[in-house]
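Protein sequences appear in the order of chains A and B. Quick note, the first sequence lines up with residues 829 to 1024 if you use my numbering. Quick note, the second sequence lines up with residues 829 to 1024 if you use my numbering. These notes concern the structure reproduced below.
Number of protein chains: 2
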Amino acid sequence: MALDHAILVSLLEKPGSGYELARRFERSIGYFWTATHQQIYRVLKRMEAEGWVDVRDVPQYGRPDKKEYSVAPAGREALSAWLAAPIEPESVRHDLAVKIRGAAFDDPASLIGEVERHRQAHRDRLAHYLVGETRDFGQPPEPEAAGPLDAERELQHVVLRGGIAYERMMIDWLDDVLATLARFEPGTDPDTGPAG
Amino acid sequence: MALDHAILVSLLEKPGSGYELARRFERSIGYFWTATHQQIYRVLKRMEAEGWVDVRDVPQYGRPDKKEYSVAPAGREALSAWLAAPIEPESVRHDLAVKIRGAAFDDPASLIGEVERHRQAHRDRLAHYLVGETRDFGQPPEPEAAGPLDAERELQHVVLRGGIAYERMMIDWLDDVLATLARFEPGTDPDTGPAG
DNA sequence: GGTCACATGTAAATAGTTACATGATTTC
DNA sequence: GAAATCATGTAACTATTTACATGTGACC
């Protein structure tokens, strides 16, 4: 299970509350691992019981108090063990690909709107990533300290580059899908159409 | 839920037993939707109860008998309804990206072997896809019937092209990851290393 | 007789989603 | 006073994974 570890990584990057983690899972770390706040609260409670994280009550002015979580030594060790253990290349779940193959038994052209919507979502995400890349990695790290490499920064950047490459690939592929779907006129599918 | 629909699509492409479906989910449709045989048997039973699929006992010589499932009209309608309903762009789960960001708090260079292993898996999958593409789509469909487009074939092909594009993107990105990790010498991480 | 591929399942545990629930404070 | 954001949870359901279980027939 990687949600535990995704949370540990996020807390190592910056301690925070369950609410704040839920925010981060809508962007940043959420670009490659999704989770809802319900899941996050449950895992935080479990990790606290296991001694993987420490909690600290933080009174706040002008808003409700929060519980700030940070990674305990046992959590760091658990992360280390997970990093050292091999994992299987990810198992994919692409609803859209199922739909595209399924469209052969329905009206292929009727899927065009849906695919266009997905392409737009990927375009938006790409634009968002590129803004983030310029903002966070556009300039060299520290003008004075040109010495040791900042692992956290460099590795965040390479993961972001992966996200950018993924979105570009998807946009190109969805263009290909649209061109393919467009070759099937509405109503000419083999099951119900007059030209089948 | 798309496992139901992935099974329906697979059965429309070709009726078969739970065992055969489990085989297909190890290749073909399994490239974009994974499922184990336990899941498949459970879903088939449910879909049979709902009247989405029909079953037929097929006695076999030289091997155990099997139950052959095929899509019933109600299943076709359910698939049609699902195709018409918009779905959210997929939620991603990339363990490896979590590991890469997590490596900043451990020894980045120790992840190199794992990343190389993943790159090899993606290379293998790409090679496998390319063989399949040449085999199944290398020649034009039917030398005589140059008329109506074969939706099933064309849409299977565009999905396969997506798989190929994905694997190529991953291989390139993992090269980038390896180059990035290589810049961090073993033992120089900020937490335990002497150079931090 | 052992192993492999075919064939179908049950049980238990874990993970993930959806719906519901509460309450503070800020801004309009 | 209504809506939005911050903040934390419970309950119920659905999906997925892992482990266990059984039996056939082919091939060595």
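Glycine included, every Cβ here is placed at the ideal spot set by N, Cα and C.
Query raised in the report: How far does the alpha helix (DSSP H) with B:VAL959 in it reach, from first residue to last?
Result: The residue given as residue 959 of chain B occupies position 131 in the second sequence. 940-965 is the extent of the alpha helix (DSSP H) around B:VAL959.
Query - Min CB distance B:GLN866 to chain A below 8 Å - result: In the second sequence, the residue the question calls residue 866 of chain B occupies position 38. Not an interface residue.
Query raised in the report: Given a limit of 8 Å on CB to CB distance, which residues of the stretch 915-929 of chain A reach chain B?
Result: ILE915, PRO917, GLU918, SER919, VAL920, ARG921, HIS922, ASP923, LEU924, ALA925, VAL926, LYS927, ILE928 and ARG929
Query raised in the report: Between the C-alpha atoms of B:TYR994 and B:GLN967, what's the straight-line distance to the nearest angstrom?
Result: Stepping through the second sequence from its first residue, residue 994 of chain B is reached at position 166. Stepping through the second sequence from its first residue, residue 967 of chain B is reached at position 139. Between B:TYR994 and B:GLN967, the C-alpha separation is close to 23 Å.
**Report entry** Rounded separation between A:HIS922 and A:GLN888 - CA only
**Finding:** Sequence index remark: in the first sequence, residue 922 of chain A carries index 94 (1-based). Sequence index remark: in the first sequence, residue 888 of chain A carries index 60 (1-based). Cα to Cα, the separation comes out at about 42 Å.
**Report entry** Own chain, CB closer than 7 Å to A:LEU849, minus 5 neighbours either side, in chain order
**Finding:** The sequence position of residue 849 of chain A within the first sequence is 21, counting from 1. Same-chain partners within the cutoff: ILE835, SER838 and ILE868.
Query raised in the report: In chain order, what residues of the stretch 877-894 of chain A put their CB closer than 7 Å to some CB of chain B?
Result: none
Report task. Give the residues of chain A in contact with B:PRO936, contact being defined as C-beta atoms less than 8 Å apart. Result -> Sequence index remark: in the second sequence, residue 936 of chain B carries index 108 (1-based). Per Cβ cutoff of 8 Å: ALA979 and LEU983.
Report task. Answer yes or no: does any C-beta atom of chain A fall closer than 8 Å to that of B:ARG874? Result -> Within the second sequence, residue 874 of chain B is the residue found at index 46, counting from 1. By this cut-off, B:ARG874 is not an interface position.
**Report entry** Neighbour list for A:SER908 in chain B, Cβ cutoff strictly below 8 Å
**Finding:** Residue numbering aside, residue 908 of chain A sits at position 80 when the first sequence is read from its first letter. Correct list: ASP934.
**Report entry** DSSP-derived helix/strand/coil call for B:ASP832
**Finding:** Here residue 832 of chain B refers to the residue found at position 4 when the second sequence is read from its first residue. The answer is helix: DSSP assigns B:ASP832 an H, G or I state.
Query - Check whether B:ALA955 and B:GLU1013 have beta carbons under 8 Å apart - result: On the second sequence, position 127 is the one that residue 955 of chain B refers to. On the second sequence, position 185 is the one that residue 1013 of chain B refers to. Going by C-beta atoms, B:ALA955 is not nearer than 8 Å to B:GLU1013.
Query raised in the report: Should B:GLY846 be labelled buried (16 or more other beta-carbon atoms within 10 Å of its own) or exposed?
Result: Against the second sequence, residue 846 of chain B aligns to sequence position 18. With 16 or more Cβ atoms within 10 Å of its Cβ, B:GLY846 is classed as buried.
**Report entry** Residues that A:VAL899 bridges to, as DSSP identifies them
**Finding:** Here residue 899 of chain A refers to the residue found at position 71 when the first sequence is read from its first residue. For A:VAL899, which the question treats as bridged, DSSP gives the partners A:VAL881.
**Report entry** B:ALA937, enclosing alpha helix (DSSP H) - first and last residue
**Finding:** Along the second sequence, read from residue 1 onward, the residue named residue 937 of chain B stands at position 109. No alpha helix (DSSP H) holds B:ALA937; DSSP gives it neither H nor E.
Report task. Could you check what DSSP says for A:GLY890 in three-state terms: helix, strand or coil? Result -> Locating residue 890 of chain A in the first sequence gives position 62, counting from the first residue. A:GLY890: coil per DSSP, three-state reduction.
Requested in this report: Output yes if chain A places a C-beta closer than 8 Å to the C-beta of B:ARG870; else output no.
Outcome: Sequence index remark: in the second sequence, residue 870 of chain B carries index 42 (1-based). B:ARG870 does not count as touching chain A.
**Report entry** Bridge partner(s) assigned by DSSP for A:GLY858
**Finding:** Numbered from its first residue, the first sequence carries residue 858 of chain A at position 30. Paired residue(s): none; A:GLY858 is not in a bridge.
Query raised in the report: Quick one: does the C-beta of A:TYR847 sit closer than 7 Å to a heavy atom of the ligand FAD?
Result: The ligand FAD is not part of the structure shown, which contains no ligands of any sort.
**Report entry** Contact check, A:VAL920 vs A:TYR897, beta carbons under 8 Å
**Finding:** Sequence index remark: in the first sequence, residue 920 of chain A carries index 92 (1-based). Sequence index remark: in the first sequence, residue 897 of chain A carries index 69 (1-based). It is not a contact, given that the beta carbons lie outside the stated cut-off.
Query raised in the report: Does the distance from the CB of B:VAL1005 to the CB of B:ILE928 come in under 8 Å?
Result: Along the second sequence, one-based indexing puts residue 1005 of chain B at 177. Along the second sequence, one-based indexing puts residue 928 of chain B at 100. Yes, they are a contact pair.
Query raised in the report: When DSSP builds the beta bridges, which residues end up paired with A:ARG996?
Result: Counting from 1 along the first sequence, the entry for residue 996 of chain A is found at position 168. None; A:ARG996 has no bridge partner.
Requested in this report: Spell out the partners DSSP gives B:GLY844 in its beta bridges.
Outcome: Numbered from its first residue, the second sequence carries residue 844 of chain B at position 16. BP columns for B:GLY844 point to B:TYR897.
Report task. Give the interface partners of B:ALA931 over in chain A, defined as CB-CB distance under 8 Å, in chain order. Result -> In the second sequence, residue 931 of chain B corresponds to position 103, counting from 1. LEU911, ALA979 and LEU983, listed in chain order.
Query raised in the report: With a cut-off of 8 Å, does the C-beta of A:THR862 fall near any C-beta of chain B?
Result: Here the question's residue 862 of chain A lines up with position 34 in the first sequence. With 8 Å as the cut-off, A:THR862 counts as an interface residue toward chain B.
Query raised in the report: Taking just the CA atoms, how far does A:HIS985 sit from A:TYR860?
Result: Walking along the first sequence from the start, residue 860 of chain A turns up at place 32. Walking along the first sequence from the start, residue 985 of chain A turns up at place 157. Contrary to the premise, residue 860 of chain A reads as Phe rather than Tyr in this sequence. C-alpha separation (whole angstroms): 13 Å.
Requested in this report: Report yes if the C-beta distance between A:ILE999 and A:ARG951 is below 8 Å; otherwise report no.
Outcome: As a working mapping, residue 999 of chain A is identified with position 171 in the first sequence. As a working mapping, residue 951 of chain A is identified with position 123 in the first sequence. For A:ILE999 and A:ARG951, yes; Cβs fall inside 8 Å.
Query raised in the report: Comparing the C-beta of B:THR1020 with each C-beta of chain A, is any distance below 8 Å?
Result: By 1-based counting over the second sequence, the position of residue 1020 of chain B is 192. Per-residue confidence for B:THR1020 stands at a pLDDT of 47, beneath the threshold of 50, marking its modelled position as unreliable; no derived number is given.
Query - Exposure label - B:MET829; buried when at least 16 CB within 10 Å - result: Indexing the second sequence from 1 puts residue 829 of chain B at position 1. When all chains shown are included, B:MET829 counts as exposed.
Requested in this report: Determine which residues share a DSSP beta bridge with B:ARG775 and list them.
Outcome: This structure gives no information on residue 775 of chain B, because the portion of chain B shown stretches from 829 to 1024.
Query - Cutoff 8 Å: B:GLY990 Cβ touching any chain A Cβ - result: Within the second sequence, the letter at position 162 stands for residue 990 of chain B. Chain A, which has a Cβ nearer than 8 Å to the Cβ of B:GLY990, makes this yes.
Query raised in the report: For B:ASP935 versus B:VAL871, is the C-beta distance shorter than 8 Å?
Result: In the second sequence, the residue the question calls residue 935 of chain B occupies position 107. In the second sequence, the residue the question calls residue 871 of chain B occupies position 43. No; because the gap between Cβ atoms is not below 8 Å, this pair is not in contact.
Query raised in the report: Can you tell me the Cα-Cα spacing of A:ALA906 and A:VAL926, whole angstroms?
Result: For this step, residue 906 of chain A is matched to residue 78 along the first sequence. For this step, residue 926 of chain A is matched to residue 98 along the first sequence. When rounded, the distance between both Cα atoms is 37 Å.
Query raised in the report: Under 8 Å between C-beta atoms, does A:LEU939 make it to chain B?
Result: As a working note, residue 939 of chain A is residue 111 in the first sequence. With 8 Å as the cut-off, A:LEU939 counts as an interface residue toward chain B.
Report task. With 8 Å as the threshold, decide whether the Cβ of B:ASP1017 is near any Cβ in chain A. Result -> On the second sequence, residue 1017 of chain B is found 189 positions in, with the first residue counted as 1. Residue confidence for B:ASP1017 is low, a pLDDT of 49 falling below 50, so the modelled location carries little weight and cannot support an answer.
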